[in-house]
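K.L.:
My structure is below; once you've seen it, I'll send some questions.
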Amino acid sequence: MSHLRSPEGCPWDREQNYDSVKGLLLEEAYEVVDTVNARDFDALEDELGDLLFQVVFYSQLASEEGHFNIDDVIDRVHAKLIRRHPHVFGDVVARNADEALKSWLKVKEQERQADKQNKSKCLLDGIPPALPATLEAHELGLRASEVGFDCPKVEDLLDKVEEEIGELRRAVAARESEGHARIEEEVGDLLFAAANLARLVRSDAESCLRRANQKFKSRFQILEREMEGRGKKLRECSLEEMESLWNEIKAREAK
């Protein structure tokens, strides 16, 4: 990487800076996610290398300015993994995954408190604002749960989701008099509750929604092909025709 950035190296690599490669970092991260979802392990090996290259690239940029180098990055994550696993490398006991997570979160909170810059800040500070909204909602709920501000059971959060649906229905019913701002607010509240429902069932809303998107895409493509097999374009079909075939497709998948 040092050679690529040198005068004898690559002109394109030399021109890059912290901001110019941000998009590449995100692109490579999402490509890793895509290959994981597809369980394409040959492609995953390739994409993990591309993602690692971005880490090396940023480390080189920082090294050139005297901040840190790739060895420092590795040493730091090594120390962090040991520090955040006292139930493995220390005397803390974690009998299951829940207790291990609580131990991890406790150490993270201790780290925040030890950082003088963060002592006066809120527990929810420090969550990257560039996160996708579903991941931000997940992290907000997780941070709040550290102090017990959370639904104790999945059923309680399901009740909250139903409550938000009721509020959304009332906002929709009142849209003529109250406008759409309240509808947007209630949709947001519903999505936030749904994101934390995913968290409570040991998943995350981003993954759940991606799977739902893929399922919709797959069913819609089948719908389109089968309608074409009947000699009809979707634009020529009524909603009733499309819904009827859609339900047939769902029924076939359930078998």
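Per the numbering used here, the sequence shown starts with residue 1007, numbered consecutively. Every residue, glycine too, gets a C-beta built ideally from N, C-alpha and C.
In the DSSP assignment, find the unbroken alpha helix (DSSP H) run with C1214 in it and report its ends.
P.N.:
Unbroken alpha helix (DSSP H) run through C1214: 1211-1235.
K.L.:
Enumerate, from N- to C-terminal direction, the unbroken alpha helix (DSSP H) stretches of 4 or more residues contained entirely within the segment 1023-1099.
P.N.:
Correct list: 1028-1044, 1047-1070, 1076-1089, 1092-1095.
K.L.:
Tell me which residue opens and which closes the alpha helix (DSSP H) that N1253 is part of.
P.N.:
1245-1260 is the span of the alpha helix (DSSP H), which, as asked, contains N1253.
K.L.:
Tell me the rounded alpha-carbon separation between I1133 and T1140.
P.N.:
Near 13 Å, if we compare the C-alpha coordinates of T1140 and I1133.
K.L.:
Could you tell me if R1175 is buried or exposed, where buried requires 16 or more neighbouring beta carbons within 10 angstroms of its beta carbon?
P.N.:
R1175 comes out exposed.
K.L.:
Over what stretch of residues does the alpha helix (DSSP H) that includes H1144 continue unbroken?
P.N.:
1139-1151 is the extent of the alpha helix (DSSP H) around H1144.
K.L.:
Helix, strand or coil, according to DSSP, for E1014 in the structure here?
P.N.:
It is coil, neither helix nor strand.
K.L.:
Is it right to say H1084 is buried, meaning 16 or more other beta carbons lie within 10 angstroms of its own, or is it exposed?
P.N.:
Exposed, since its Cβ has fewer than 16 Cβ neighbours within 10 Å.
K.L.:
A1120 by DSSP, collapsed to three states: which one?
P.N.:
In the structure shown, A1120 sits in a helix (DSSP, three-state: H, G or I).
K.L.:
Leaving out five residues on either side along the sequence, give the residues of the same chain with a beta carbon under 7 Å from the beta carbon of F1095.
P.N.:
Here the set comprises I1088.
K.L.:
Apart from the five residues on each side of it in sequence, which residues of its chain come closer than 8 Å, Cβ to Cβ, to I1240?
P.N.:
According to the sequence as given, residue 1240 is Leu; it is not Ile. Within the same chain, L1240 has close Cβ partners L1229, E1230, M1233, M1248.
K.L.:
Could you give the residue range of the alpha helix (DSSP H) that holds R1181?
P.N.:
Residues 1181-1184.
K.L.:
Take the Cβ of D1222 as the centre, count every other Cβ of all protein chains shown within 10 Å, and call the residue buried at 16 or more, exposed below.
P.N.:
In the sequence as displayed, the identity of residue 1222 is Phe instead of Asp. With fewer than 16 Cβ atoms within 10 Å of its Cβ, F1222 is classed as exposed.
K.L.:
When the Cα of D1052 is compared with those of T1041, L1197, V1098, which residue comes out closest?
P.N.:
Cα-wise, what sits closest to D1052 is T1041.
K.L.:
Using three-state DSSP, classify L1197 as helix, strand or coil.
P.N.:
Three-state result, L1197: helix.
K.L.:
Judging by CA-CA distance, which residue of K1159, L1137, L1251, E1034 is the nearest neighbour of R1208?
P.N.:
Residue K1159 is the option with its Cα nearest to R1208.
K.L.:
Could you tell me whether the segment 1186-1196 touches the segment 1213-1220, using the rule of 3 or more Cβ pairs below 8 Å?
P.N.:
At 8 Å Cβ cutoff, the stretches do not touch.
K.L.:
Would you call D1210 buried or exposed, if buried means 16 or more other Cβ atoms sit within 10 Å of its Cβ?
P.N.:
Classification for D1210: buried.
K.L.:
Looking only at its own chain, which residues have a Cβ that is under 6 Å from the Cβ of E1173, when we skip the five neighbours before and after it?
P.N.:
Only E1192 meet the Cβ criterion.
K.L.:
Give the secondary structure of L1203 by DSSP, where H, G and I count as helix, E and B as strand, and everything else as coil.
P.N.:
If DSSP states are grouped into helix, strand and coil, L1203 belongs with the helices.
K.L.:
Less than 7 Å between C-beta atoms, sequence neighbours within five positions excluded: which residues of the same chain meet that for S979?
P.N.:
In the structure as shown, the chain starts at 1007 and stops at 1261, and residue 979 therefore has no counterpart that could be examined.
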